[in-house]
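Reading through the structure tokens given below for one structure.
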Amino acid sequence: MDPEIHNPTKFFIRIEFKDKNADDIKREGWIAWERSRINRQDDPVEVLVGGTKDRLLDLIRFERAAQGLDPGNRQLLAQKAEFFSRLPTAPGANLSLTDVVQHPLAAELRLAPEEVLDVIAGAQRLKMAVRGWVAERHLKDTLARTAGITYCQPINKEGAADLHVRFEEGPLLTIECKNVLRETDSKGLPRLDFQRTRASKADPCSRYYSQDDFDVVAACLHAVTESWEFRYILPNYLPQHGKCEGKLASNLRVDHNWQSDPTAVFRAAANARNS
DNA sequence: CCCCATCGTTGCGCCTGCAT
DNA sequence: ATGCAGGCGCAACGATGGGG
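Each residue of the first sequence is one higher than the last, beginning at 1 in full-length UniProt numbering.
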């Protein structure tokens with residue numbers, strides 16, 4: 001069965017299939033078929049996979065590779081057993097998974113995954129934009145591995161902070177993730193362009209952040225150090241904006257006030273929230 | 001009342017031009 | 001030479017309001 005179609009699983013599931021399917025499984029050892037749904041045309045098509053018991057590990061390998069695939073690609077992959085079979089790959093068949101199963105985005109764009117990467121690499125502005133979300137992804141991975149972090153998910157909403165994080169049993173904290181600029185200042189300190197893309201027409205100060213827009217700011221140093229490392233700070237440690245009352249300055253330096261260990265910063269942020 | 005076009009706002013940071 | 005303010009390319013989304 002397709003795990004994604006039955007996620008979440010509220011009850012025990014019973015499925016039925018034809019004797020013919022069972023015969024095919026015994027004979028072939030491994031087959032995939034489309035589940036027939038009489039009078040249920042509106043439901044999504046589900047691709048079932050059957051194998052003999054010695055193929056259990058193949059089934060796990062297959063479901064790993066097939067997670068989230070649409071039914072067509074799921075069936076296509078299921079029929080290419082050489083990609084997850086216990087048997088050695090046939091001589092000469094030097095294919096990779098991506099040759100058979102396109103990432104959904106690559107399929108939508110009608111490009112090979114490598115071609116999508118070429119497009120990104122070839123468009124300066126696009127690459128720049130992607131780097132922002134990649135930094136966010138690395139931050140999520142970094143925090144997820146950090147002791148004490150019990151929850152860590154992207155927020156993915158316009159106008160909101162980037163990441164939701166919970167430290168131990170504390171409140172849900174919002175994290176703003178920003179890449180530093182490529183060029184450091186004259187003292188070698190990384191610079192952080194800390195403002196929104198544009199201000200609203202009515203209020204020029206709306207371009208700047210204020211202290212309570214998020215609980216923690218994370219600066220990604222990759223543009224300077226070429227390593228996906230982060231520095232953390234509480235917004236109330238940041239300098240005030242010179243002109244806009246209650247806003248934070250937009251030209252920041254990642255200096256000694258920024259911590260490389262997130263733990264103390266998150267603990268302080270949680271305390272600030274609770275008080 | 002529904003459909004739509006339009007406007008305003010936002011996400012990525014980087015870049016230019018002016019002030020010092 | 002350096003710092004800072006503010007504009008920029010591209011594209012998506014939500015609110016708004018006019019037309020039928």
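Just so you know, even glycine gets a beta-carbon here, dropped at the ideal spot from N, CA and C. Predicted model only: the values in this text are computed from it and were never measured.
Nearest CA to the CA of residue i: which residue from the options?
i: residue 169; options: 148, 76, 3, 25; result: 148
i: residue 260; options: 247, 248, 250, 220; result: 220
i: residue 15; options: 23, 47, 29; result: 47
i: residue 145; options: 26, 78, 167, 109; result: 167
i: residue 230; options: 206, 251, 262, 203; result: 262
i: residue 215; options: 183, 267, 255; result: 267
i: residue 257; options: 52, 54, 189, 202; result: 189
i: residue 18; options: 33, 180, 5; result: 33
i: residue 293; options: 59, 197, 202, 60; result: A question about residue 293 goes unanswered here, because the residues of the chain that appear run from 1 up to 275.
i: residue 222; options: 206, 131, 163; result: 131
i: residue 5; options: 52, 63, 252; result: 63
i: residue 162; options: 171, 187, 213, 202; result: 213
Alpha carbon to alpha carbon, how far is residue j from residue i? Give it in angstroms, no decimals.
i: residue 200; j: residue 243; result: 16 Å
i: residue 2; j: residue 106; result: 22 Å
i: residue 185; j: residue 191; result: 7 Å
i: residue 178; j: residue 135; result: 8 Å
i: residue 56; j: residue 29; result: 11 Å
i: residue 250; j: residue 204; result: 13 Å
i: residue 111; j: residue 121; result: 14 Å
i: residue 272; j: residue 127; result: 36 Å
i: residue 151; j: residue 232; result: 18 Å
i: residue 118; j: residue 245; result: 45 Å
i: residue 124; j: residue 138; result: 21 Å
i: residue 133; j: residue 116; result: 16 Å
i: residue 27; j: residue 21; result: 10 Å
i: residue 254; j: residue 224; result: 11 Å
i: residue 71; j: residue 35; result: 11 Å
i: residue 226; j: residue 182; result: 10 Å
i: residue 275; j: residue 180; result: 31 Å
i: residue 65; j: residue 74; result: 9 Å
i: residue 141; j: residue 69; result: 23 Å
i: residue 228; j: residue 54; result: 42 Å
i: residue 60; j: residue 252; result: 49 Å
i: residue 165; j: residue 153; result: 7 Å
i: residue 108; j: residue 187; result: 47 Å
i: residue 171; j: residue 206; result: 27 Å
i: residue 52; j: residue 58; result: 10 Å
i: residue 87; j: residue 67; result: Low confidence applies to residue 87: its pLDDT is 40, below 50, so where it sits in the model is not reliable enough to give any reading.
i: residue 202; j: residue 143; result: 37 Å
Please name the residue or residues paired with residue i in a DSSP beta bridge.
i: residue 230; result: 220
i: residue 193; result: 251
i: residue 48; result: 33
i: residue 164; result: 153, 174
i: residue 179; result: 220
i: residue 210; result: 247
i: residue 259; result: 232
i: residue 79; result: Bridge partners of residue 79: none, in fact.
i: residue 240; result: 248
Near residue i, which residues of its chain fall below 8 Å by C-beta distance, leaving aside the five closest residues on each side in sequence?
i: residue 248; result: 194, 208, 209, 210, 211, 235, 238, 239, 240, 241
i: residue 100; result: Note that residue 100 scores a pLDDT of 49, beneath 50, so its modelled location is shaky; the value from the coordinates is reported in the next line. Excluding residues within five positions, the ones whose Cβ falls inside 8 Å are 76, 77, 80, 83.
i: residue 155; result: 161, 162, 163, 164, 174
Skipping 5 residues on each side, what residues in its chain have a beta carbon closer than 7 Å to that of residue i?
i: residue 289; result: Coverage of the chain is limited to positions 1 through 275, which leaves residue 289 absent and any answer about it impossible.
i: residue 31; result: 24, 25, 50
i: residue 269; result: 173, 215, 216, 234
So, at 6 Å on beta carbons, what are the nonlocal neighbours of residue i in its own chain, with the 5 sequence-adjacent residues on each side left out?
i: residue 103; result: 113
i: residue 218; result: 139, 175, 177, 230, 232
Quick one: is the Cβ of residue i within less than 7 Å of any heavy atom of the ligand MG?
i: residue 127; result: As presented, the structure is devoid of all ligands, the ligand MG included, so that no description of it is given.
What residue ranges within the region 113–147 form continuous alpha helix (DSSP H) runs of no fewer than 4 residues, ordered along the chain? 113–122, 124–144
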